[in-house]
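In the numbering used here, the protein residues as written are -11 to 736.
For every residue, glycine included, the Cβ atom is placed at its ideal position computed from N, Cα and C.
Contents: one structure, followed by commentary.
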Amino acid sequence: MRAPEFFLLLPVMFCALAFSPLCAATGGEFLVAPAYQVGGSDPASIAIGDFNHDGKPDLAVVNFDNNSVSILLGNADGTFQTHVDYATGGEPYSVTVKDLNNDGRPDLAVANVAAGTVSVLLGRGDGTFNSEVEYAVGSGPQCVAAGDFNGDGRTDLVVANTDSSNVSILLGNGDGTFQPQATYATDNTPFSVAIGDFNKDGKPDLVTANFATNTINVLLGKGDGTFHPYVSYATGIYPGMVAVADFNRDGALDVATANYGIGFSVLLGNGDGTFRNQTDYGTSDQTFSVAVGDFNADGKLDVVTGDQNEMVSIYPGNGDGTFRTSIIYPVEGILNAIAVGDLNGDKVLDLAVADYFEGTITILIGRGNGLFQANRGYPATVFYGEYPQGIAHGDFNRDGKVDLITADGEWGNSVSVLLGNGDGTFKPDVSYPTQYGSSSIAVGDLSGDNKLDLAVANSCTNNQFCVNYPGTLSILLGNGDGTFQKQVTYQTGYRPLSVAIGDFNRDGKPDLVVANSCSDVKCTAWNGTVSILLGNGDGTFQNQVTYSTGMEPYSAVVADFNHDGKADLAVANALSNSVSILLGNGDGTFQPDVEYATGHSPESVALGDFNGDGIMDLAVANFSDNTVSLLLGNGDGTFETHVDYPVATGPNNVAVGDIDGDKKSDLAVGYSYTGNVGVLLGNGDGTLQPYTDYQVAASTGALTLADFNRDGKLDIAAVGAETANVLLNAGETDDEQTGSWPSDAVLP
């Protein structure tokens, strides 16, 4: 009887995973490369081998829906040629690569669910294969693995049969043919099988992951091709795929299972064929696949999983059988299978990931010359806003580690604080109420107690809730331990979208500026203003005084643009296609604004010295024409004509810092529509290099730059739809790097 449909979506990739460390890696970062189409819409399994003996890894992918296996021959750079397909039995679900006929050429064995067979395709050594020969096994075979079970030097096969609840052993004849199966009982619905010597007697043993019973079964081998009855051990909920490795470096093999219910389980081996109770890791539900490798070159094995939530997660190992918080890489689709290997010949582990429904294989190239690893994400469930719009950083608990805070957006009325662990990961968020529509955050010591406080602009952009509610500013004073006091609110103009800190009257007390994007409660008019709230030095503020800007101001920053020792303002005006400069008088008042043209719909402005002349320049993200503008400062409060640089679609935020450590200002750009962050490196002469995009989990919104893992390099944090994402800088460390321009406004 065939397995139910929902069973068939479960992971069985790499069920013959090697239990020794795969190879040395030089980093745990990955760059996401383009996807490759394969021969069917449902690729269920991937395996790696050199099928044409050219020294370059190739891929074999089984296609569940059209009864085939796709061969993608590899190029030297980690890219692959167009697939060539070979017929298999009905509904193939797992593939393993091994020399089955002792001719020195890799062959394929494929488990076929509907046919109840294993297809053997002998390789010709030139990247092509002979037609399949099928061998009968049990009912619903989901996984095949290869090993020498009777010690005769010939490759044998083991198959996990989901519907008949057993494993089939097919002893090899050494010429690519196999003897009829012998079967051994397991618990119900074994979905995958792996091979290892669990009792260290030199004889291969078996382990199965059993979906229905939440167990693994261990079948110790006798060395003659037969096996002892299974012993069962509990796992997490609905284990699908199983992998074998020595996670705690004690010389005894351990087991990891991908749990369709949630996360993955690790069972440490005792070295005598028995296992300790499972430890569960991860919070992602419907985890399909699991594999093993040393991705951060620390000599400790890590775990990688793929799930239905479009995430590849790397769990760094501690070397004692425990694992740290995951590093998340967004990859589209149902991630049914993962294969690990050096695909581009740089001695760095790469990943090949199968999307079950889209019929594609995505290659994640391990760290090479890329500046950033792919996205390190934090799931939406930790946030209380559907679309967080603001992000900032600071050391809120004074432990020397950078923390993050997000404004939870149009549908939120809170900020979320994520305390940093110092390695680029963060503790679960703690939420603090604000007024409706929190959209921007400024961080500084507003009360003079040497503890970081928060100023949050609440835009109230949903008209249903904004009648007679012009917009507010929330002040949350920090306690110095990472917690914050209850908000105190101040009125601003309508739809405030940005807040920044500066000392506008030179009294040594921080003041606030808020950009108000429209002039009435329902925003039928877009004549913009900025609100100035002078500070009393104790965390309280005077009533606002407003100044006119261009139309629909989105973003404001503070700096001394004319070198008179007085704080000035720069405001990006989306409808005016301009930046307003308001020169400060030094007494808390400002001169009328002077506008400078930018690209179309500027939504963010940031500060930097792009030509190294010691004069502050401006960088602007132009939403409508997909550019960033540079406006070089003249030092007298005026600016040169903007120069535009193309970027990807919908840039809505820009941050400035020395990203590559060459002491020149660079740009990081967030996009409203794509799940990317763009980086434009500065040349130091007022020009920028072409942009490079790095994938994150969702539309990127606001950005901030900081060294989140304390390696001396600037990293990027970005908010997207329901997530905050950290991209760690993978560039070379420059010991002489002295700092960078901040992306958030600070005291001038």
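Notebook entry, point to check: Which of the three DSSP states, helix, strand or coil, is assigned to residue 164?
Noted result: coil
Margin query: Can you check which of these residues, 616, 582 and 621, is closest to residue 591 by C-alpha distance?
Written below: Nearest option by C-alpha distance: 616.
Notebook entry, point to check: Do the stretch 594 to 608 and the stretch 648 to 668 make contact, defined as three or more Cβ pairs closer than 8 angstroms?
Noted result: yes
Check: Can you tell me whether residue 698 is buried or exposed, with buried defined as 16 or more other CB within 10 angstroms of its CB?
Finding: exposed
Margin query: Going by beta-carbon coordinates alone, are residue 156 and residue 169 separated by less than 8 angstroms?
Written below: yes
Notebook entry, point to check: From what residue to what residue does the beta strand (DSSP E) around residue 424 run?
Noted result: Unbroken run through residue 424: none, as it is neither H nor E.
Check: Can you pull the DSSP bridge partners for residue 431?
Finding: DSSP lists 442 as partners of residue 431.
Notebook entry, point to check: Just to confirm, are residue 694 and residue 604 a CB contact at a threshold of 8 angstroms?
Noted result: no
Margin query: Considering only DSSP beta bridges, list what residue 654 is partnered with.
Written below: 645
Note to self: Can you give me the C-alpha to C-alpha distance between residue 379 and residue 576, rounded to a whole angstrom?
What the structure shows: Approximately 27 angstroms, taken between the alpha carbons.
Note to self: Quick check for students: name the residue ranges of the beta strand (DSSP E) that lie wholly in the stretch 80 to 127, counting only runs of 3 or more.
What the structure shows: 80 to 86, 95 to 100, 105 to 109 and 121 to 124
Next item on the list: Can you grab the Cα-Cα spacing for the pair residue 127 / residue 76, in whole Å?
Entry: 17 angstroms
Margin query: At the level of alpha carbons, what is the spacing between residue 16 and residue 284?
Written below: Annotation note: pLDDT 44 at residue 16 (below 50); position unreliable, no value reported.
Notebook entry, point to check: DSSP on residue 717, reduced to helix/strand/coil?
Noted result: strand
Checklist line | Inter-residue Cα distance where the pair is residue 716 and residue 702 | finding: Distance from the CA atom of residue 716 to the CA atom of residue 702, rounded to whole angstroms, is 8 angstroms.
Next item on the list: Would you check if the distance between the CB atom of residue 36 and the CB atom of residue 85 is smaller than 8 angstroms?
Entry: Yes.
Note to self: Using a Cβ-Cβ cutoff of less than 6 angstroms, which residues in the same chain neighbour residue 506 once the five nearest sequence positions on both sides are dropped?
What the structure shows: 482, 483 and 514
Check: Does the separation of the CB atoms of residue 111 and residue 94 fall below 8 angstroms?
Finding: In this structure, residue 111 lies near residue 94, with their beta-carbon atoms less than 8 angstroms apart.
Notebook entry, point to check: Is residue 217 buried or exposed, if buried means 16 or more other CB atoms sit within 10 Å of its CB?
Noted result: exposed
Next item on the list: For residue 71, name the three-state secondary structure that DSSP assigns.
Entry: coil
Item checked: Minimum C-alpha distance to residue 466 - residue among 434, 428, 238 and 448 -> 434
Next item on the list: Mind checking which residues open and close the beta strand (DSSP E) that includes residue 382?
Entry: 378 to 382
Check: In its own chain, which residues sit with a C-beta less than 6 angstroms from the C-beta of residue 312, not counting the 5 before and 5 after it?
Finding: Sequence-distant Cβ neighbours of residue 312 in its own chain, meaning closer than 6 angstroms and more than five residues away, are 304.
Check: When the Cα of residue 142 is compared with those of 212, 81, 98 and 150, which residue comes out closest?
Finding: 212
Item checked: Span separating the alpha-carbon of residue 761 from that of residue 38 -> With the chain covering only -11 through 736, there is no way to say anything about residue 761.
Checklist line | Bridge partners - residue 638, DSSP secondary structure assignment | finding: None; residue 638 has no bridge partner.
Check: Alpha carbon to alpha carbon, how far is residue 9 from residue 681?
Finding: Confidence in residue 9 is poor, its pLDDT being 26 and thus under 50, which makes the residue's placement unreliable; the coordinate value appears in the next sentence. Their Cα atoms are separated by approximately 32 angstroms.
Next item on the list: Go through its chain and collect everything with a Cβ distance to residue 119's Cβ below 8 angstroms, but skip five positions before and after it.
Entry: 74, 75 and 109
Next item on the list: With a threshold of 16 other CB atoms inside 10 Å of the CB of residue 41, please say whether the residue is buried or exposed.
Entry: exposed
Next item on the list: Write down every uninterrupted run of the beta strand (DSSP E) in the stretch 143 to 231 whose length is 3 residues or greater and which is fully enclosed by it, in chain order.
Entry: 144 to 149, 154 to 158, 170 to 173, 178 to 184, 193 to 198, 203 to 207 and 219 to 222
Item checked: Rounded straight-line distance, which links the Cα of residue 705 to that of residue 409 -> 15 angstroms
Next item on the list: Run the CB neighbour count on residue 31, radius 10 Å, all protein chains shown included, and call it buried at 16 or more, exposed below.
Entry: By the 10 Å Cβ count, residue 31 comes out buried.
Checklist line | Chain-order list of residues whose beta-carbon lies under 7 angstroms from that of residue 624 (same chain, five-residue window excluded) | finding: Only 550 meet the Cβ criterion.
Next item on the list: Please name the residue in 568, 461 and 516 whose C-alpha comes closest to that of residue 528.
Entry: Out of 568, 461 and 516, 461 has the C-alpha closest to the C-alpha of residue 528.
Notebook entry, point to check: Do you know how far the Cα of residue 637 is from the Cα of residue 198?
Noted result: 46 angstroms
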